[in-house]
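Visitor: Just dropping this structure here.
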Amino acid sequence: MAPTAKQVFNPPSVRKPFGGYNHGLLVPPGASLLVTSGQLGIAPDEMIPDDVTGQAQLCFEAIGAILREAGMSFADVIRISGFVTRREDFGPYMAVRDRYTLDPKPVSTLLIVSGFTRPEFLVEVEVTAAKLSD
238 MAPTAKQVFN PPSVRKPFGG YNHGLLVPPG ASLLVTSGQL GIAPDEMIPD
288 DVTGQAQLCF EAIGAILREA GMSFADVIRI SGFVTRREDF GPYMAVRDRY
338 TLDPKPVSTL LIVSGFTRPE FLVEVEVTAA KLSD
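The structure is reproduced here in structure tokens:
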């Protein structure tokens with residue numbers, strides 16, 4: 238019988254995750270897959286917060302809207318890729334990320350990049366989500 242839930246993999250031979258994520262998730266066959274483009278910290282009215290916390294919140298709110306449009310939620314997110322321009326923004330970014338992630342925690346990658354399409358952008362986030370059949 239095929240598994241009906243996402244399976245978490247955090248082998249004891251691998252260092253425990255640094256934060257609110259898992260090292261691996263296995264999605265059973267037949268799940269619907271959604272992949273988002275990177276979302277930047279800009280509101281529909283073009284407002285861009287000055288700090289990474291405000292921008293990250295806008296990124297995750299945009300992702301939430303995309304998930305809802307696809308009939309999904311943050312519970313369906315299996316992978317998050319985050320990109321920040323400054324090492325000191327790791328903590329504030331992860332605090333926002335952790336408010337949106339649900340169990341089982343998705344896998345997650347966070348990278349420092351030299352910049353985005355406009356210099357005022359401080360963070361970009363993309364996700365992959367998988368919805369299990371009911």
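Here the sequence shown is numbered in the numbering used here, starting from 238 and rising by one per residue. Note that beta-carbon positions come from the ideal geometry of N, C-alpha and C, so glycine has one too. The structure presented is a predicted model; accordingly, all values stated were derived computationally and were not measured.
Identify the residues that DSSP records as bridge partners of Lys-243: which are they?
Guide: Partner(s): none; Lys-243 has no beta bridge.
Visitor: Secondary structure at Phe-311, three-state DSSP: helix, strand or coil?
Guide: helix
Visitor: Can we say the stretch 359-370 touches the stretch 283-293, given the rule of at least three CB pairs closer than 8 Å?
Guide: The stretch 359-370 makes contact with the stretch 283-293: 3 or more CB pairs, one atom from each, lie closer than 8 Å.
Visitor: Roughly how many angstroms lie between the CA atoms of Phe-311 and Val-364, to the nearest whole one?
Guide: 10 Å
Visitor: Which stretch, first to last residue, makes up the alpha helix (DSSP H) that contains Val-350?
Guide: Here Val-350 belongs to no alpha helix (DSSP H), and DSSP marks it neither H nor E.
Visitor: Whole beta strand (DSSP E) runs in the stretch 290-345 with 3 or more residues, listed along the chain?
Guide: 314-321
Visitor: Which residues bound the beta strand (DSSP E) around Gly-261?
Guide: 261-263
Visitor: From the DSSP output, read off the bridge partner residues of Pro-277.
Guide: What sits at residue 277 in the sequence shown is Leu, not Pro. BP columns for Leu-277 point to Glu-361.
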